[in-house]
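Quick notes on the structure that follows.
Number of protein chains: 2
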Amino acid sequence: MPVKVFGSPASAEVARVLTCLFEKDVEFQLIRVDSFRGPKRLPQYLKLQPHGEAITFEDGNVTLVESRKILRHIADKYKQQGYKDLFGPGALERASIEQWLQTEAHSFDIPSADMVYSLAYLPPDMPLDGRGAGGGLLPAAGMHPSHRQKMEEMLQLFEKSRKDLGKLLDIYDQRLGEEEYLAGSKFTLADLSHLPNADSLAADPRSARLIESRKNVSRWWYTISSHDSWKRVKELQRPPSAEAPF
Amino acid sequence: MPVKVFGSPASAEVARVLTCLFEKDVEFQLIRVDSFRGPKRLPQYLKLQPHGEAITFEDGNVTLVESRKILRHIADKYKQQGYKDLFGPGALERASIEQWLQTEAHSFDIPSADMVYSLAYLPPDMPLDGRGAGGGLLPAAGMHPSHRQKMEEMLQLFEKSRKDLGKLLDIYDQRLGEEEYLAGSKFTLADLSHLPNADSLAADPRSARLIESRKNVSRWWYTISSHDSWKRVKELQRPPSAEAPF
Chain A
1 MPVKVFGSPA
11 SAEVARVLTC
21 LFEKDVEFQL
31 IRVDSFRGPK
41 RLPQYLKLQP
51 HGEAITFEDG
61 NVTLVESRKI
71 LRHIADKYKQ
81 QGYKDLFGPG
91 ALERASIEQW
101 LQTEAHSFDI
111 PSADMVYSLA
121 YLPPDMPLDG
131 RGAGGGLLPA
141 AGMHPSHRQK
151 MEEMLQLFEK
161 SRKDLGKLLD
171 IYDQRLGEEE
181 YLAGSKFTLA
191 DLSHLPNADS
201 LAADPRSARL
211 IESRKNVSRW
221 WYTISSHDSW
231 KRVKELQRPP
241 SAEAPF
Chain B
1 MPVKVFGSPA
11 SAEVARVLTC
21 LFEKDVEFQL
31 IRVDSFRGPK
41 RLPQYLKLQP
51 HGEAITFEDG
61 NVTLVESRKI
71 LRHIADKYKQ
81 QGYKDLFGPG
91 ALERASIEQW
101 LQTEAHSFDI
111 PSADMVYSLA
121 YLPPDMPLDG
131 RGAGGGLLPA
141 AGMHPSHRQK
151 MEEMLQLFEK
161 SRKDLGKLLD
171 IYDQRLGEEE
181 YLAGSKFTLA
191 DLSHLPNADS
201 LAADPRSARL
211 IESRKNVSRW
221 WYTISSHDSW
231 KRVKELQRPP
241 SAEAPF
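Sequences listed follow chains A and B, in order. For what it's worth, UniProt numbering labels the leading residue of the first sequence as 1, then goes sequentially. For what it's worth, UniProt numbering labels the leading residue of the second sequence as 1, then goes sequentially.
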């Protein structure tokens with residue numbers, strides 16, 4: 001019985017797991033539920049879900065719902081197939097992979113998702129020059145108070161996530177100056193786990209600078225995002241009706 | 001609880017039902033199962049299934065598996081919403097719609113699916129000039145016997161379906177010279193039911209002539225295929241990985 005993944009590839013949680021399944025050459029079924037009403041509405045999954053929609057993963061008797069646990073399960077159970085270094089050849093490498101997996105989960109995931117979320121609310125042409133939230137950036141008049149309040153919140157969220165991510169990525173840049181990948185000389189789960197959110201950052205010029213301005217992070221991002229497994233997931237994320245001709 | 005459709009939009013059976021749900025502005029969930037293995041394989045639903053993959057339709061306690069029965073169910077149950085003339089305003093219209101629905105199911109469906117199926121096997125540049133199957137069309141040498149046999153079969157299937165469809169579409173052309181749509185002056189289930197297979201015919205220049213060479217059929221096809229509901233289904237049919245960049 002093949003592995004089953006229930007969820008939308010637009011979810012970061014699901015995208016992480018699909019990338020891993022492609023890397024490990026594991027046969028699987030993707031079960032998607034899309035909701036529609038009438039010819040004018042768009043499917044609910046049209047927008048990427050930066051904070052991660054639910055995933056359910058079934059492999060025989062095992063059922064898991066957290067993407068990084070699922071990554072570990074796949075890399076362990078299918079260690080003999082596909083790309084073999086995903087979870088390291090030995091205990092030493094695994095400790096380093098585990099450390100960076102946890103850094104991703106605890107320090108990278110939330111600020112990167114917050115930044116993508118806040119940018120979805122902020123007008124693309126608003127100058128985000130680091131002067132702090134609301135520092136004269138919002139027009140003085142002509143904005144509904146509740147709208148203004150939401151925008152202020154989003155500006156604050158953007159500033160906070162930019163600061164947190166900037167500090168974190170400085171550490172990444174240093175690390176990636178010493179090693180080609182986060183956990184050493186090989187592409188591993190540690191790198192893979194960053195793909196969905198890093199891709200969202202890279203997709204918007206306002207957040208892409210965080211990556212592009214750091215030489216080693218930028219080189220690393222270019223390499224890991226060129227994997228066929230990730231390109232394949234990106235194709236699956238393409239909403240079927242986004243380019244509908246009406 | 002919303003209506004549930006289990007199946008791939010690439011199936012003619014499913015496409016027929018989705019078009020009807022869009023026309024009737026019915027809220028529904030589409031549950032798709034796609035199978036994958038490794039970055040190099042394509043999903044199984046990449047090719048349209050001219051003979052119709054399975055569909056399962058659930059609406060409360062009602063479960064149905066035949067697309068035309070499902071069309072009747074939707075048009076009846078949701079008669080007060082969306083496009084209201086799909087199953088006619090009264091019994092007289094309904095008799096005519098029913099007659100053409102049955103013509104589609106019993107006389108149009110199989111030869112049109114057969115033609116699409118046979119064309120998938122025949123080289124695009126093979127001259128199909130109506131001289132009959134195997135009439136000197138296959139090269140004399142350089143073809144494996146089992147391949148030759150399959151090609152002969154496909155040529156015969158193509159010729160038979162072309163003959164059957166030609167006769168049928170002559171009747172359609174006459175009817176559509178008297179009325180704008182098959183069952184009268186309104187677009188109904190009778191027309192809608194033809195969309196998936198007629199679209200497959202129209203997509204290949206070798207079969208499109210059947211439509212294009214008949215003035216009234218051609219005008220009718222242009223009109224019905226321009227419905228937003230159908231364009232929406234076509235977008236859903238687009239396989240997510242067909243244009244993968246690797």
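The C-beta atom is built at its ideal place from N, Cα and C for all residues, glycine as well.
Taking a beta-carbon distance threshold of 8 Å, A:Glu-93 does not count as an interface residue toward chain B.
The three-state secondary structure of B:Gly-184, taken from DSSP, is strand. Among the residues facing chain A, B:Gln-29 is included, as its CB has a counterpart in that chain under 8 Å away. Proximity of B:Phe-36 to chain A, defined by a Cβ-Cβ separation below 8 Å, is satisfied.
Contact between A:Thr-19 and A:Leu-236 is ruled out by a C-beta separation of about 10 Å, above the 8 Å threshold.
Within the UniProt domain "GST C-terminal" (90 to 246) of chain A, the alpha helix (DSSP H) runs of at least 4 residues that lie entirely inside it are, in chain order, 91 to 103, 109 to 121, 145 to 178, 189 to 192, 195 to 203, 205 to 212, 215 to 224, 228 to 237.
For A:Phe-28, the enclosing beta strand (DSSP E) stretches over residues 27 to 37. B:Leu-64 has B:Phe-57 as its beta-bridge partners, per DSSP. Beyond the five residues adjoining it in sequence on each side, B:Ala-75 comes within less than 8 Å, by CB distance, of Cys-20, Lys-24, Leu-86, Phe-87, Leu-189 in the same chain, given in chain order. For A:Ser-112, the closest of A:Ala-10, A:Ser-161, A:Ser-35, A:Arg-94 by C-alpha to C-alpha distance is A:Ser-161. If the five residues before and after B:Met-154 are omitted, its C-beta is found closer than 7 Å to the C-beta atoms of Ser-118, Tyr-121, Leu-122, all from its own chain and listed in chain order. At least one CB of chain B lies nearer than 8 Å to the CB of A:Asp-25. In the three-state reduction of the DSSP assignment, B:Phe-22 falls in the helix class. Around the beta carbon of B:Leu-92, fewer than 16 other beta carbons lie within 10 angstroms, which makes this residue exposed. As the crow flies, the alpha-carbon of B:Val-5 is around 48 Å from that of A:Asn-216. The continuous beta strand (DSSP E) containing B:Phe-6 extends over residues 3 to 6. Taking C-beta atoms as the reference points, B:Pro-196 and B:Arg-32 fail to come closer than 8 Å. In this structure, A:Val-3 places its C-beta atom within 8 Å of the C-beta atom of A:Asp-59. Nearest neighbour of B:Gln-99 by Cα position, chosen from B:Leu-210, B:Gln-174, B:Ala-183, turns out to be B:Ala-183. For A:Val-33, the chain B residues whose C-beta falls within less than 9 Å of its own C-beta are Lys-4, Gln-29, Leu-30, Ile-31, Arg-32, listed in chain order. Only residues of its own chain outside the window of five on either side were considered, and among them Leu-119 have a CB closer than 7 Å to the CB of A:Asp-204, listed in chain order.
Listed in chain order, the non-local C-beta contacts of A:Gln-81 below 8 Å within the same chain comprise Lys-24, Asp-25, Val-26, local neighbours out to five positions each way being set aside.
Here B:Leu-176 really is in contact with B:Trp-220; their C-beta atoms are around 5 Å apart, less than 8 Å. About 5 Å separates the CB atoms of A:Asp-114 and A:Leu-157; that is less than 8 Å, so the two are in contact. Between B:Val-65 and B:Ser-207, the CB-CB gap reaches or exceeds 8 Å. With respect to the 8 Å criterion, A:Ile-211 and A:Ser-218 are classified as neighbours on the basis of their beta carbons. Here B:Asp-109 is buried, its C-beta having at least 16 other C-beta atoms within 10 Å. Taking a C-beta distance under 8 Å as the contact criterion, B:Ser-35 and A:Gln-102 do not qualify as a contact pair.
Within the model, the alpha-carbon separation for B:Arg-72 versus B:Lys-231 is close to 21 Å. Rounded to whole angstroms, B:Thr-63 and A:Arg-37 show a C-alpha spacing of 20 Å. The C-beta distance from A:Arg-68 to A:Ala-10 rounds to 19 Å, too long to fall under 8 Å, and the pair is not in contact.
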